[in-house]
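S.K.: Just so we're aligned: the sequence shown equals residues 26 to 118 in the numbering used here. For glycine and all other residues, C-beta sits at the position ideal for the given N, C-alpha and C.
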Amino acid sequence: MLVVLANDLPPAVRGRMKLWFIEPRPNVFISGIKDSVAKTVTEYLLGHCPLESGLIIFRKIPQAPGYEIRTLGQAKKELINISGLQLVIEKFI
26 MLVVLANDLP PAVRGRMKLW FIEPRPNVFI SGIKDSVAKT VTEYLLGHCP LESGLIIFRK
86 IPQAPGYEIR TLGQAKKELI NISGLQLVIE KFI
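1. Smallest Cα separation from Lys-59: which of Val-28, Ile-94, Glu-48?
2. Is Pro-36 helix, strand or coil when you go by DSSP?
3. From the DSSP output, which residues share a beta bridge with Gln-111?
4. So does the segment 110 to 118 actually touch the segment 61 to 79, counting three or more Cβ pairs closer than 8 Å?
5. For Asn-52, which residues from the same chain have a beta carbon less than 6 Å from its beta carbon, with the 5 sequence-adjacent residues on both sides left out?
6. Apart from the five residues on each side of it in sequence, which residues of its chain come closer than 7 Å, Cβ to Cβ, to Gln-99?
In C-alpha cells:
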C-alpha cells in the first residue's frame, strides 16, 4: 500500500499518479500496488517532484513497524521520530 500527501504536484506528475492511485481528496493519493511497484513509484516521485511539492509518502514495508515515511520539501504536517518510530504530529485546535 502507498499513501501520498502533497502540498502541490506538477501537472505531469499528477497525471501519472492517476495511473496507480485514487484521489479521495485533493492532493491525497492512495494505492494498493505491490511493494516492488510502490518502491519504484516512491523513487519516481522523489526524483521528479520539486521541493515545493511538499510530499509525505507512507509506504508499507515487511519490517517493523510495517511502514516507512519519506518526505520531500516542507510538508504541511510535521513528523517526529521517537525511538526509531516515525509519527505524524496532529495539532488540535
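M.R.: In short:
1. Taking Lys-59 as reference, the option from Val-28, Ile-94, Glu-48 with the minimal CA-CA separation is Val-28.
2. helix
3. Asn-106
4. no
5. Ala-31
6. The residues Gly-79, in chain order, have a CB closer than 7 Å to that of Gln-99 in the same chain once the five nearest residues on each side in sequence are set aside.
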